[in-house]
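Sequences listed follow chains D and G, in order. At position 273 of the first sequence the residue is numbered 292 (the numbering used here), and the sequence of numbers has no breaks. At position 54 of the second sequence the residue is numbered 69 (the numbering used here), and the sequence of numbers has no breaks. For glycine and all other residues, C-beta sits at the position ideal for the given N, C-alpha and C. Keep in mind that this is a model prediction, so the values were computed, not measured.
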Amino acid sequence: MSAGIDWVALTVFVFFFALVTVMGFFAARWKAGPVDSHLDEWGLGGRQFGTWITWFLVGGDFYTAYTVIAVPALVYAVGAYGFFALPYTIIVYPFVFAVMPLLWKAAHAKGHVTAADVVLEAHGSRGLELAVAITGMVATMPYIALQLIGMGVVIQAIGLTGELPIIAAFVILALYTYSSGLRAPALIAFVKDIMIYIVVLVAIVVVPAQLGGYGAVFSAANDAFAAKGGATGLILKPQQMLAYATLALGSALAAFMYPHTLTGIFASKSADTIRKNAILLPAYTLLLGLIALLGYMAHAAHIKVASNNDVVPVLFKTLFSSWFAGFAFAAIAIGALVPAAVMSIGAANLFTRNVWKSYVNPDISHAGEASVAKVVSLIVKLGALAFTIFLPTQYALDLQLLGGLWILQTFPALVFGLFTRWFRASGLLLGWAAGTLWGSWTAWSNGLKPLATIELGGASYVFYVGLGALILNVVVAVIVTVILNLVSPRSIARS
Amino acid sequence: MWVLLLVPYVGLLWVPFYNFEEPVLFGFPFFYWYQLAWVPICSLLIWIVYRSRTPDETP
């Protein structure tokens with residue numbers, strides 16, 4: 020990477036950053052509501068986002084800066100295996116279509132703001148509510164840190180060194196999220212998503228043209244993997260296929276269990292908004308598939324990088340003119356702000372409703388809830404910032420991995436409760452505990468890799484730990500429920 | 016109708032079915048264009064289920 024600042028890129032970058040900052044502060048006046056007096060207004064934007072705002076918001080916060088940096092990085096490093104993000108972000112949508120409208124209805128009817136609210140209503144267990152709330156908060160924190168890391172990577176590519184730029188960006192984000200709540204990232208998502216679409220559409224046309232077409236891109240990547248050896252290649256090695264499928268399925272089931280994606284759901288104005296979005300959001304997946312190919316384009320362009328995460332910034336710097344590189348970097352950095360904001364709001368909503376209100380101040384007023392949430396979201400962001408500055412990047416990566424595993428274990432409590440009340444709360448809680456403990460221990464013993472191996476009939480199968488943990492979770496929940504139904508049947512018939 | 020929602024799972028989770036380079040389309044190996052093709056197909060399937068919902072199903 021060149022020493023020194025790319026002034027053209029920096030100017031363009033700062034311009035767009037300033038633009039979204041202004042938008043962030045004015046967002047409170049957009050579709051105005053009493054942001055300080057009710058958690059629905061600050062934390063859910065007034066529950067009024069229609070199809071297109073939801074599309075921009077959920078798209079902007081599901082497909083994050085980290086996605087744009089990390090997916091090509093993995094594809095660059097190992098090839099086909101890194102593409103699991105593509106089937107994952109396709110199969111998630113039939114699930115969203117079938118399940119999320121029901122969740123919306125349950126939340127809308129009772130004024131629920133968080134997953135834990137819905138779980139408490141469905142199963143009547145404070146323990147389960149707390150388990151879901153803590154899992155949500157803990158799983159979200161490293162994810163915020165990773166957005167900061169993604170932002171840091173592009174800021175470095177412009178030539179700025181040190182932590183001051185990230186700190187400045189984040190403090191500004193913290194301030195307008197504090198004042199405007201969910202409206203801020205919703206409004207900024209328009210800018211971010213349009214910018215990302217422009218960047219990717221240009222990249223997928225211009226870059227291969229410079230490199231000799233897609234055939235040349237794939238063949239260059241193939242040569243690179245042939246030289247590298249190991250479990251890399253343009254297609255999967257036989258032992259990678261089960262891992263690929265289970266990573267895709269596990270990630271798909273976990274994706275809408277996170278507080279930030281759920282916040283986007285709860286903020287919608289109707290169940291139908293969500294159904295329409297299940298049809299329209301896959302456009303972003305097409306984008307993701309093409310972004311992933313940047314990893315191969317890096318091979319065709321003979322990019323050399325110190326760390327895999329630098330692949331996208333270095334590729335853009337090499338192949339784009341300065342001003343467009345600045346535009347692209349701004350898109351990615353802003354692409355970190357939207358999810359970071361929504362993640363911190365989601366975590367704040369959880370703490371406010373399911374820890375503060377449940378255990379500290381049950382008589383809290385609506386305005387009180389909004390105040391608590393605002394402060395907590397500030398603390399969460401500052402905590403993520405401190406984490407990024409003072410701890411090695413690897414910690415954030417490891418915790419994010421565990422976070423995905425943990426959040427997946429809330430699936431039975433949240434989703435099963437929408438369809439049936441057969442499961443006993445204790446069963447779900449023990450299932451959650453079993454899945455979380457087994458999954459964490461297994462990942463830990465594998466050096467915090469997401470894969471576990473099982474030996475069956477002489478052959479060994481490598482699969483995603485999170486999905487294995489979920490299966491264990493459900494099995495335990497079923498067994499415990501059956502036992503409890505035998506030992507102490509419910510006196511009132513439950514549907 | 017709702018069974019259409021399961022089709023993408025079959026199409027994408029049975030990995031041995033599509034883990035190949037041939038046939039190549041527009042320079043893309045099969046593994047890649049097959050998965051990318053599922054994006055519009057999945058949207059279409061969900062849209063079909065959406066349109067097939069009867070009016071008396073709650074909104």
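Inter-residue Cα distance where the pair is residue i and residue j
i	j	result
R443 of chain D	I153 of chain D	20 Å
S514 of chain D	A141 of chain D	Unreliable placement is indicated for S514 of chain D, whose pLDDT of 46 sits below 50; the coordinate value is still reported in the next sentence. Taking the straight line from one Cα to the other gives about 11 Å.
D291 of chain D	F116 of chain D	9 Å
V357 of chain D	L448 of chain D	32 Å
A262 of chain D	W441 of chain D	32 Å
V484 of chain D	A392 of chain D	33 Å
M20 of chain D	L63 of chain D	Its pLDDT being 41, under 50, M20 of chain D is placed unreliably by the model, and nothing is read from it.
G101 of chain D	F237 of chain D	14 Å
W62 of chain G	I56 of chain G	10 Å
I109 of chain D	F43 of chain G	19 Å
I174 of chain D	M156 of chain D	28 Å
L470 of chain D	A267 of chain D	12 Å
G269 of chain D	S58 of chain G	21 Å
A403 of chain D	D55 of chain D	24 Å
V333 of chain D	A349 of chain D	14 Å
D329 of chain D	V87 of chain D	11 Å
G314 of chain D	M42 of chain D	33 Å
Y107 of chain D	P23 of chain G	11 Å
S377 of chain D	L253 of chain D	51 Å
For residue i, the three-state DSSP class (helix, strand or coil)
i	result
L255 of chain D	coil
G98 of chain D	strand
S287 of chain D	strand
T180 of chain D	coil
F68 of chain D	strand
L40 of chain G	strand
L410 of chain D	coil
T133 of chain D	coil
F35 of chain G	coil
D80 of chain D	helix
M16 of chain G	coil
P53 of chain D	coil
P91 of chain D	helix
N465 of chain D	coil
I322 of chain D	coil
Y195 of chain D	helix
R509 of chain D	coil
A250 of chain D	coil
Y85 of chain D	helix
Y277 of chain D	coil
Contact test: residue i Cβ vs the ligand HEM heavy atom, cutoff 7 Å
i	result
T180 of chain D	The ligand HEM is absent from the structure shown, which contains no ligands of any kind.
Beta strand (DSSP E) segment containing residue i, residue limits
i	result
S479 of chain D	478-483
T472 of chain D	470-475
The alpha helix (DSSP H) enclosing residue i, as first and last residue numbers
i	result
A109 of chain D	Inspection of the sequence shows that residue 109 of chain D is occupied by Ile rather than by Ala. I109 of chain D -> alpha helix (DSSP H) spans 104-129.
A246 of chain D	233-247
I353 of chain D	341-370
I24 of chain D	Careful: I24 of chain D lies outside any alpha helix (DSSP H) and carries neither H nor E.
R66 of chain G	45-67
D212 of chain D	202-230
I310 of chain D	301-319
A271 of chain D	260-274
G62 of chain D	58-63
K336 of chain D	330-338
P23 of chain G	22-28
Proximity winner among the options, relative to residue i (alpha-carbon distances)
i	options	result
A366 of chain D	D:M119, D:I398, D:F348	D:I398
R202 of chain D	D:G65, D:G354, D:L470, D:A496	D:G65
Q413 of chain D	D:P91, D:A128, D:L165, D:L93	D:L165
D417 of chain D	D:G79, D:I207, D:Y162	D:Y162
G69 of chain D	D:G283, D:P227, D:I88, D:H279	D:G283
Y85 of chain D	D:S341, D:I353, D:S289, D:Y216	D:I353
F335 of chain D	D:I215, D:D382, D:Y112, D:G98	D:I215
I351 of chain D	D:T196, D:H57, D:V33	D:V33
V493 of chain D	D:F430, D:S198, D:G477, D:I185	D:F430
L19 of chain G	D:T40, D:A28, D:A46, D:F114	D:F114
L433 of chain D	D:A317, D:Q67, D:L489	D:L489
P120 of chain D	D:E148, D:V226, D:A188, D:A297	D:A297
L51 of chain G	D:L105, D:I24, D:V94	D:L105
T30 of chain D	D:S479, D:W342, D:G450, D:L467	D:W342
Beta-carbon neighbours of residue i, restricted to chain A and to distances below 7 Å
i	result
Y65 of chain G	Among the protein chains of the structure shown, namely D and G, there is no chain A.
Exercise. Curious, which full-length alpha helix (DSSP H) runs of at least 4 residues does the stretch 137-174 of chain D contain?
Worked result: Those alpha helix (DSSP H) runs which fall completely within the stretch 137-174 of chain D and span 4+ residues do not exist here.
For this session: Report the residue ranges of all beta strand (DSSP E) runs contained in full by the stretch 381-462 of chain D; include only those spanning at least 3 residues, in chain order.
Result: Every candidate beta strand (DSSP E) stretch fails here, since none sits fully inside the stretch 381-462 of chain D while reaching 3 residues.
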